[in-house]
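Following my numbering, the numbering of the sequence shown begins with 1 at its first residue and continues without gaps. Cβ coordinates follow ideal geometry from the N, Cα and C atoms, glycine included. Note that this is a predicted model, so its numbers are computed, not measured. Below: one structure, written as structure tokens.
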Amino acid sequence: MSFMSNLTIRARLLIGVLVPVMITAAAIAWITASQIQANGEAELERLEKELLEARKVGLKELVESAYDVVLDAKNTSGLSGDQAKQEARKRLRAITFGGTNYVFAYTREMFNLAYGPNPSLEGKVTNSNQLNLLNGLFRAAETDGFFSYDWANPSSDGAIEPKISYTMLIPGWDWMIGAGVYVTDIEKVVAKAQQEIDDAMAAALGFVLLLTIIVVVIALVIGLVIGRTVTVPLKKVSGMMQEIADGDGDLRQRLPEEGKDELAELGRRFNHFVIKIQTTMREVGATTDQVASAAEELSRVANETRQSVQEQGSETDQIASAINEMAATIQQISGNANEVEGAASDADRMAREGGDTITNAQGSVNQLSQEMEETAVSINALAEKSDDIQQVLDVIHAVTEQTNLLALNAAIEAARAGEHGRGFSVVADEVRQLAKRSAESADQIRVMIDGFVAESKASVERMNNSRKSSEATVERINHATGALNTIVSSISQIHDQVTQIATAAEQQSQVAEEINQNVVRIVNAAQRSDTGVTQTNEASHELARLGETLRDLVSQFKV
């Protein structure tokens, strides 16, 4: 299709006329040549078959005549069997035809009985090729008698040529007689006939070629005439279209519409098209002015909208900055509140731990005061027991004095007894010493008990003072416990309030973040609006420019 589109309509018409003609001529020439070829081949086949059949008929009649000759010699009266055979062989040698052709005779033992061209070659056959040939001839004699083969032709200097033989069997003697002829002459006749057919085919093709040339010339003339009737109106249409496109753009021109052919229809369609274009151009001219005015108005509105969007964007940026600062402040407050909440939690925990410690100390002091009071009672009881010990010491001291007196008396009595009282004197001395040590020990115990009693009284005094101090300490601890409980309650309230402040600050931070995101989206939308307004402004300018261009283009046509 691209190749055809590059050709002129005249060339296409000529191709449309010449190509079918040439194809038809080529088809006729091919059909004629094929028909002549087929008929020639059939004729050649028929001629070859007829010549070969005639040759076979002649060969068969010849062999049958030789067969009659052999039977006549066999049946001759007065001749013995050998004599009859010799007579038959003599008669067969005398039979020749076609100059060099002859009749041959062989036995089953492959013995050559008759060879007219050279009887000296008669005898036992030993050549393998001849033996194979004789076997084939014997088999043929048992059927239809004909046998085709290739054999050396003495007339052609021993060239191998096709040959056909006919053989028959002699009953009683079991001889095989026959004759053969070369069919090379038949092939020559067929080749000559083939040449004649080829000459006839060449002549026919020459006639067809001449006829084709004449038809092509006639078709070429007709194509040129018909092409002119088509191309001339088309050139006129092309000229008008060129005048509209490159000239003054006069849409008032019209093509002739007379006639009923395709060119007249083309003229009517073209005129209708030009009228439609003319009407369109008028409407486009009127619409162009409206488009230009609308473009100018759109440009003005776009400029105003752009200024408004820019002011809105500037104010929105300020709001976004303020919201960012507020969000930062809220986040700082939230962070401080969280820190205060943590400190309050630590203070609450430490105050509770201090309250527990004071409570434990209060219990310990109360217990210590009670134990000191009990200790004072015990010491007082011990002091009272010291008086009893004093009484016991007095008794011991009195006993020691009595014992000492008794020991002294005993010593005196022992001294009086003389030698007999020496042992008793020693015992009395020991008892006196013991009484003395007992008295000294009792004095020491008395002194120690007196010191213990004095110290016990001092301890009781100090314990009473400590008990009074403990009671005062317990009173102060009670006051401190109350104050600490009040502090714990206040810290709990502070912790709750700080938690509420932190939660509120977190919520305000989230709200501020959402507001900030909304403001950012508003700013982005304002920026997109500014971009869209800018594009609209540019599009309006472009539309105005295109309107002017369209007006210039429309003004090129005459409507």
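Asked	Found
Am I right that W151 and I164 are in contact with their C-beta atoms under 8 Å? What's the rounded C-beta distance?	Their Cβ separation, rounded to whole angstroms, is 10 Å, which puts W151 and I164 out of contact at 8 Å.
Taking the straight line between their C-alpha atoms, what separation do you get for L131 and F147?	15 Å
If you compare alpha carbons, which of S509, N129, A343, T96 is closest to N118?	T96
Taking C-alpha atoms, which residue in A544, V215, Q391, D317 lies nearest to I445?	Q391
Considering only C-alpha positions, which residue in the set S156, S80, I501, V125 is nearest to N336?	I501
Helix, strand or coil for E109, going by three-state DSSP, please let me know.	coil
Can you have a look at V63 and say buried or exposed, based on whether 16 or more other CB atoms are within 10 angstroms of its CB?	buried
Out of curiosity, what's the CA-to-CA distance linking A561 and Q507?	No information on residue 561 is available, as it lies outside the stretch 1 to 559 that the chain covers here.
Quick one, are the C-beta atoms of S469 and Q331 less than 7 Å apart?	no
Return the CA-CA distance between N380 and I477, expressed in angstroms with no decimal places.	30 Å
Determine the burial state of V181: buried for a count of at least 16 other Cβ atoms within 10 Å of its Cβ, exposed for fewer.	buried
Can the beta-carbon of G136 be found closer than 7 Å to that of Y166?	no
Does the Cβ of V19 have 16 or more other Cβ atoms within 10 Å, making it buried, or fewer, making it exposed?	exposed
Using 7 Å as the threshold, is the C-beta distance between I412 and A442 below it?	no
On the DSSP bridge list, what partners appear for D150?	P162
Runs of 3 residues minimum, wholly inside the segment 67-146: which ones carry the beta strand (DSSP E) assignment?	101-106, 111-115
Would you kindly work out how many angstroms separate the C-alpha atoms of D317 and N324, rounded to a whole number?	10 Å
Roughly how many angstroms separate the alpha carbons of R89 and L133, rounded to a whole number?	21 Å
When you compare each of G178, N153, G172 to T184 by their alpha carbons, which one comes out closest?	N153
Is the beta carbon of L59 closer than 7 Å to that of A179?	yes
Can you say whether A211 is buried or exposed, counting buried as having 16 or more other CB atoms within 10 angstroms of its CB?	Checking the sequence shown, residue 211 turns out to be Leu, not Ala. It counts as exposed.
Quick one: what does DSSP say V183 is sitting in, helix, strand or coil?	coil
Can you have a look at P256 and say buried or exposed, based on whether 16 or more other CB atoms are within 10 angstroms of its CB?	exposed
Taking one C-beta from the segment 39-52 and one from the segment 187-199 each time, how about it: are there three or more such pairs within less than 8 Å?	yes
Tell me whether G577 sits in a helix, a strand or coil according to DSSP, three-state version.	Outside the displayed range of the chain (1 to 559) lies residue 577, so it cannot be described from this structure.
Using alpha carbons as the reference points, say which of Q402, G99, Q312, T357 lies closest to S438.	Q402
Cβ atoms of A105 and L121: under 7 Å apart, would you say?	no
Report buried or exposed for S489, applying the criterion of at least 16 other Cβ atoms within 10 angstroms of its Cβ.	exposed
Please confirm if the segment 218-232 is in contact with the segment 35-45, defined as three or more CB-CB distances below 8 Å between the two stretches.	no
Pop quiz: F111 and G98 are said to be a contact at Cβ under 8 Å. What is the actual Cβ separation, rounded to whole angstroms?	Between G98 and F111 the Cβ distance is about 26 Å, and since that is not below 8 Å, they are no contact.
Among the residues of its own chain, which have a CB less than 6 Å from the CB of K235, if the five just before and after it don't count?	none
One question on the structure: do A84 and A73 come within less than 7 Å of each other, judged by their Cβ atoms?	yes
For A415 and R462, I'd like the C-alpha separation in whole angstroms.	59 Å
Does W30 come out as helix, strand or coil in the three-state DSSP assignment?	helix
Helix, strand or coil, according to DSSP, for T359 in the structure here?	helix
Rounding to the nearest angstrom, what Cα-Cα distance links Y102 and N75 in this structure?	23 Å
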